[in-house]
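A short write-up of the structure that comes next.
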Amino acid sequence: MPAEGLPPAAAAAVRDSVFGGIAVADRLGSGALLESVRNAFVAGMDAALVVAAAIAASGKVLTLVFLPGQRASSAGRADAPAEEPLAAHG
1 MPAEGLPPAA AAAVRDSVFG GIAVADRLGS GALLESVRNA FVAGMDAALV
51 VAAAIAASGK VLTLVFLPGQ RASSAGRADA PAEEPLAAHG
């Protein structure tokens, strides 16, 4: 049910928020309007999640490109402390 067929105040409430759209659909008893409001909300959430995923992926790529690499082992590094042998007590 398009918002254009509603009274001006009801159409404004439907366009302004999900809760306004649900309230108007409930008051009118319109399942079609309720479904339309829910579909619009889910479509908006889908778009927001795609944008968030793209930002997260970009952040990961930039992190991998610009952060210096770390080695898992300190073997062979000049600044690594030498191991001291255990002294035998006797």
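Residue numbers for the sequence shown follow UniProt numbering, so the first one is 1 and each next one is one higher. All C-beta atoms in this analysis are idealised placements derived from N, C-alpha and C, irrespective of residue type, glycine included.
Beta-carbon proximity check, residue i vs residue j, cutoff 7 Å
i	j	result
G21	V14	yes
A43	L34	no
Residue of the options minimising C-alpha distance to residue i
i	options	result
V18	L62, V65 and M45	M45
R27	P7, S58 and V50	P7
What runs of the alpha helix (DSSP H), each 4 residues or longer, lie entirely inside the stretch 11-63? Within the stretch 11-63, the complete alpha helix (DSSP H) segments at least 4 residues long are 18-28, listed from N- to C-terminus.
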